[in-house]
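Engineer: In our numbering, the protein residues as written are 20 to 312.
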């Protein structure tokens, strides 16, 4: 059953990638990012409250509060870096960098928590690395077309990767602590704090969302992105306590990379190169092998 929810989370994160790409032009300034991400995180916060109300889970210890606030900081940084990278890079390329953040919690799972993985699972994880590279690489024509556009998006993508890894690590720390049962409290704090942090640049700018050219369709896209972010966060936080980190993070992130590459081709018109197709095939094989315990 946990792997069914894992697929749902992958689909939610893929949808979030597409919606973030659509909204990325608004993130050229911090105030613009605040206008968009306050709607995203605000919607995710409401979803977290609904989860808490449904399961009566409002317990909150000092550890959960501290980790929730830290989680909020890295969540906002990850979203900012991710959207800024998407403003200049392909969905598949940025997703490749972002998903490489899985290496941080995976390494921690092996070193700190002494988690084990089968030889077949290890081969699957290793296969994901070339799959990431193929999905994120450019062909010769694309390199020539973008060689004068700079590579600032790569810096943002690397920042998103580091922040994404920190988010995953905090999830794992909380789910393996004595406060692991306080999922609702953790989500409420982290999503609520993310909402407040996102609002700050907008408030200090003294501008309204309309001043950035936001339309109702953009607000709807932001809310949709928030639903995807909230759903993925809730599911992932639960799954990190059920599936070993050395399996969960590679499979989840590898799946999102492959799905994002395919979705970007369909919805964003990003052409699938031979390298991209090769990456998808290798990635799917790696995901299936990595899921074997």
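For each residue, glycine too, the CB sits at the ideal point set by N, CA and C. The model shown is predicted, which means the values in this text are computed figures rather than measured ones.
Using the beta-carbon count (16 or more within 10 Å), is residue 220 buried or exposed?
Structural biologist: Your numbering for residue 220 matches position 201 in the chain shown. It counts as buried.
Engineer: Comparing C-alpha positions only, which one of 42, 115, 268, 241 sits nearest to residue 277?
Structural biologist: Translated into positions along the chain shown, residue 277 becomes position 258. Closest by alpha carbon: 115.
Engineer: From residue 43 to residue 249, what distance separates their C-alpha atoms?
Structural biologist: Mapped onto the chain shown, residue 43 falls at position 24. Mapped onto the chain shown, residue 249 falls at position 230. So the alpha carbons of these two residues sit roughly 19 angstroms apart.
Engineer: Under 8 angstroms, do residue 191 and residue 127 count as touching if we go by C-beta distance?
Structural biologist: As a working mapping, residue 191 is identified with position 172 in the chain shown. As a working mapping, residue 127 is identified with position 108 in the chain shown. For residue 191 and residue 127, yes; Cβs fall inside 8 angstroms.
Engineer: Is it true that the stretch 190-210 meets the stretch 63-74, where meeting means three or more beta-carbon pairs spaced less than 8 angstroms apart?
Structural biologist: Counting Cβ pairs under 8 angstroms, three or more are found: they touch.
Engineer: Evaluate contact between the stretch 100-112 and the stretch 207-214, counting only Cβ atoms and requiring at least three cross-stretch pairs below 8 angstroms.
Structural biologist: Segments in contact, no.
Engineer: If contact is defined by three or more beta carbon pairs under 8 angstroms, each pair taking one atom from either stretch, is the stretch 49-65 in contact with the stretch 121-139?
Structural biologist: Touching, no.
Engineer: Of the choices 196, 224, 153, 105, whose alpha-carbon is the least far from that of residue 173?
Structural biologist: Indexing the chain shown from 1 puts residue 173 at position 154. Measuring from the Cα of residue 173, the nearest candidate turns out to be 105.
Engineer: How many angstroms separate the CA atom of residue 212 from the CA atom of residue 49?
Structural biologist: On the chain shown, position 193 is the one that residue 212 refers to. On the chain shown, position 30 is the one that residue 49 refers to. Between residue 212 and residue 49, the C-alpha separation is close to 17 angstroms.
Engineer: In whole angstroms, give me the CA-to-CA distance for residue 38 and residue 184.
Structural biologist: Walking along the chain shown from the start, residue 38 turns up at place 19. Walking along the chain shown from the start, residue 184 turns up at place 165. Each residue's alpha carbon lies about 21 angstroms from the other.
Engineer: For the pair the stretch 263-278 and the stretch 23-32, tell me if three or more CB-CB distances fall below 8 angstroms.
Structural biologist: With the cut-off at 8 angstroms, the stretch 263-278 and the stretch 23-32 touch.
Engineer: Which whole-angstrom value is the C-beta distance of residue 147 and residue 269, which I expect to be below 8 angstroms?
Structural biologist: Here residue 147 is taken as the residue at index 128 of the chain shown, counted from 1. Here residue 269 is taken as the residue at index 250 of the chain shown, counted from 1. Rounded, the Cβ-Cβ distance is 5 angstroms, consistent with contact.
Engineer: Taking 8 angstroms as the threshold (beta carbon to beta carbon), is residue 220 in contact with chain C?
Structural biologist: No chain C is part of this structure, which consists of one protein chain only.
Engineer: DSSP on residue 100, reduced to helix/strand/coil?
Structural biologist: In the chain shown, counting from the first residue as 1, residue 100 sits at position 81. Correct three-state label for residue 100: helix.
Engineer: Expressed to the nearest angstrom, what Euclidean distance is found between the alpha-carbon atoms of residue 7 and residue 117?
Structural biologist: Limits of the chain in this structure are 20 at one end and 312 at the other, which puts residue 7 out of reach.
Engineer: Output the distance between the C-alpha atoms of residue 256 and residue 264, rounded to the nearest integer angstrom.
Structural biologist: Position 237 of the chain shown, counted from the first residue, corresponds to residue 256. Position 245 of the chain shown, counted from the first residue, corresponds to residue 264. Using only the alpha carbons, I get a separation of about 11 angstroms.
Engineer: Please state the DSSP three-state secondary structure of residue 31.
Structural biologist: What you label residue 31 is simply residue 12 of the chain shown in a count that begins at 1. The answer is helix: DSSP assigns residue 31 an H, G or I state.
Engineer: What are the start and end residues of each continuous alpha helix (DSSP H) run of 4 or more residues lying completely inside the stretch 48-100, in chain order?
Structural biologist: Runs found: 49-74.
Engineer: Identify, in the order they occur along the chain, each residue of the same chain with its Cβ nearer than 7 angstroms to the Cβ of residue 224, setting aside the five sequence neighbours on each side.
Structural biologist: For the purposes of this step, residue 224 is taken as the residue at position 205 of the chain shown. Once the five neighbours on either side are set aside, the close Cβ partners of residue 224 are 50.
Engineer: Name the residue from 244, 26, 150, 45 whose alpha carbon lies nearest to the alpha carbon of residue 227.
Structural biologist: Locating residue 227 in the chain shown gives position 208, counting from the first residue. For the residues 244, 26, 150, 45, the minimum Cα distance to residue 227 belongs to 45.
Engineer: Candidates 64, 91, 151: which alpha carbon is nearest residue 119's?
Structural biologist: Against the chain shown, residue 119 aligns to sequence position 100. For residue 119, the nearest C-alpha among the options comes from 151.
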